[in-house]
Amino acid sequence: MARAGVLKGLSVVLAVLLSQLSDSSPLELEDAVTAADLAEQIRLGETTSEAATKALLERIAKIARSGPRIQSIISLNPDALNAAIALDREAEAGMFRSPLHGVPILLKDNIESRELPTTAGSLALAENTTGRDAPLVARLREAGMVILGKTNLSEWANYRSSESIAGWSGVGGLTRNPYNLRRSACGSSSGSAAAVAAAFVPVAIGTETNGSITCPAAVMGLVGLKPTVGLVSRLYIIPLSPRQDSAGPIAHTVKDAAMLLAVIAGSDSEDPATRDADRRRENYVTELDRGIRGMRIGVFRWAEGDSAPVSASFNQALKRLEAAGAVLVEIEEFSPAPVLWQQGDRILQAEFKVGLNDYLANSPADIAVRSIDDIIQFNRAYADRELALFDQSILLDTAASSAADDADFGSTVAEFVQAARKDGVDKLLAEHDVRLLVMPTTKPAAPVDLLGTSEPAGGLLGAGWLASAAGYPVLTVPMGDHQGLPLGLLFMGTAWDDAAHLRAGHAFERTVNSDLAPMYPDGDTERLDFSKLVAPVD
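Numbering (my numbering), first residue to last: 290 to 827.
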């Protein structure tokens, strides 16, 4: 297949993604607006959805032309302005679909929307325009939100290589961190977080299997929520693990995240995991006002790590939590069951193989790949773009996996889930009589490493992986910074208790006064050859 054919479905890819990266002078940008504030302005007639959408599109174009090359957006919706105009007509007639009526939003590019390709960052899916909306996207439209476009991501949700560069994809190039252009944007929802941090949109949707919302949100000074698995439909989202995958909000404030969760949460007859979602969902926005006075929260020192700057910020955060009324309980000891270390990769590869092969086989689009084996062969054929920076070792291991057919696979998964849930998160909560656990989210963003690392500053810090294995919610909120690099505070609890996470995060953020904002510096690390980290040129 000729390169022109590969890129046929990407006609709306931003020009910035088709350019060489170049060093730019820092550019001062306007302050970001929250989704709640923008929606209120639209409701009061102080602005319109059309005006807001135009302003954001102009901002994106301005940065593409003359600003730092963030590379957070893969494609823009050509119908976004028309949608905004139609929503304004409804607003003029006094019809508001939801409290977020008229607010533009970006979607991670593993989530289907009817008018754009859904690529997972891979050139192999450049023509994957399915004409379908994922149910969560349908909910966003029903709520009167404007689908502005799709965001960059770590290709295949950062599950292609053990040497991957977080935030890089063959379609989108390297997502860069607005707080320091030579520091990692983490992954895999790097583009969604970078777009919000750069004020391209007030809110965005990411997806998380293990850290893919919370890590990029934390290193870019944002709020990120991975909801309970099963609270939000995963239908028509390119899968990794049915036990661990969930879409969730990335925002500037906990209130914005709660408002967005209220829109996307709910049961879907075609996603069995969401069977109880309607019964379990709460009024997440009004719950924020309940506060956390008297709430017992476990200080999970076991997950604190050995970073002195992070620990110093964490200890200050704990004082603010106490000032907000929380009762803190110290927890230093925890022994994860060996199965969590020994079987995680085997289980994830088996689930990825089954889920992705099924998705590819049933996509209604005219795509060049219908299986993981096809992806591997495609990458070899386009090795100059897809394999120039790192290999596809995880895809090879996944293709070779037969674990799902093993007689003991079901019992292994059950043992793994019990270790994460009953003997993991739930045991910690019960033994210490606490509602939530709190810990640092991660270390400061590391320099981009062309030799290959997908982890910020030498490794993830907290224990969000335990909640991921359990399918339980996690929330990160801005905690402070180290030399201008944001730090996050992570809350972790049990299934369906998303509202408590949001309450705690909201109470904490009200104690923080920070003027930290992205200034797009080049940083002080050694100069890197970013020319290989751009999107392909047609």
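Glycine residues also receive a C-beta, built at the ideal position from the N, C-alpha and C atoms.
What does a CB cutoff of less than 6 Å around residue i pick up in its chain, not counting 5 residues either side in sequence?
i           : result
residue 549 : 492 and 538
residue 390 : 433
residue 781 : 726, 756 and 763
residue 507 : 730, 731, 765 and 777
residue 400 : 423 and 526
residue 475 : 455, 504, 505, 508 and 745
residue 734 : 466, 472, 473, 508, 745 and 774
residue 807 : 467, 468 and 486
residue 784 : 517 and 761
residue 650 : 659
Going by DSSP in three states, residue i sits in which element: helix, strand or coil?
i           : result
residue 808 : coil
residue 726 : strand
residue 535 : strand
residue 429 : helix
residue 647 : helix
residue 633 : helix
residue 579 : helix
residue 269 : Missing from the structure shown is residue 269; the chain here goes from 290 to 827 and no further.
residue 786 : coil
residue 471 : coil
residue 568 : helix
residue 358 : coil
residue 333 : coil
residue 799 : coil
residue 687 : helix
residue 623 : coil
residue 607 : helix
residue 348 : helix
residue 671 : coil
residue 731 : coil
residue 679 : coil
residue 322 : coil
residue 699 : helix
residue 708 : helix
residue 595 : coil
residue 752 : coil
residue 665 : helix
residue 602 : helix
residue 694 : helix
What are the partner residues of residue i, as DSSP defines its beta bridges?
i           : result
residue 457 : 463
residue 585 : 616
residue 781 : 726 and 763
residue 554 : 521
residue 776 : 769
residue 560 : 557
residue 736 : 472
On the premise that residue j lies in contact with residue i, defined as a C-beta separation below 8 Å, what is that separation, rounded to the nearest angstrom?
i           : j           : result
residue 574 : residue 540 : Contact flag wrong, Cβ pair sits at about 13 Å.
residue 470 : residue 357 : 6 Å
residue 642 : residue 687 : 5 Å
residue 520 : residue 570 : 7 Å
residue 483 : residue 435 : Wrong, their Cβ atoms sit about 19 Å apart, outside the cutoff.
residue 728 : residue 623 : Contact flag wrong, Cβ pair sits at about 11 Å.
residue 402 : residue 395 : That pair is no contact at about 10 Å.
residue 602 : residue 768 : 5 Å
residue 393 : residue 364 : Not confirmed; about 14 Å, so no contact.
residue 566 : residue 554 : 6 Å
Going by beta carbon distance, what residues of the same chain come within less than 7 Å of residue i, once the five residues before and after it are set aside?
i           : result
residue 477 : 442, 443, 446, 447 and 501
residue 450 : 679, 680, 681, 682 and 683
residue 612 : 800
residue 317 : In this predicted model, residue 317 has a pLDDT of only 36, less than 50, meaning its place in the structure is not dependable enough to derive any value.
residue 621 : 590 and 591
residue 665 : 681, 684, 685 and 688
residue 607 : 588 and 617
residue 576 : 788, 791 and 792
residue 710 : 759
residue 721 : 587, 618 and 620
Going along the chain, which residues of its own chain have a beta-carbon closer than 8 Å to the beta-carbon of residue i, five neighbours each way excluded?
i           : result
residue 614 : 580, 581, 582, 583, 584 and 796
residue 705 : 628, 629, 632, 633, 636 and 758
residue 327 : 336, 341, 391, 392 and 491
Complete runs of the beta strand (DSSP E) confined to the segment 361-447 [at least 3 residues]: 362-365, 393-397 and 435-440
Every unbroken alpha helix (DSSP H) inside the segment 478-546 [4 residues or more]: 479-486 and 503-508
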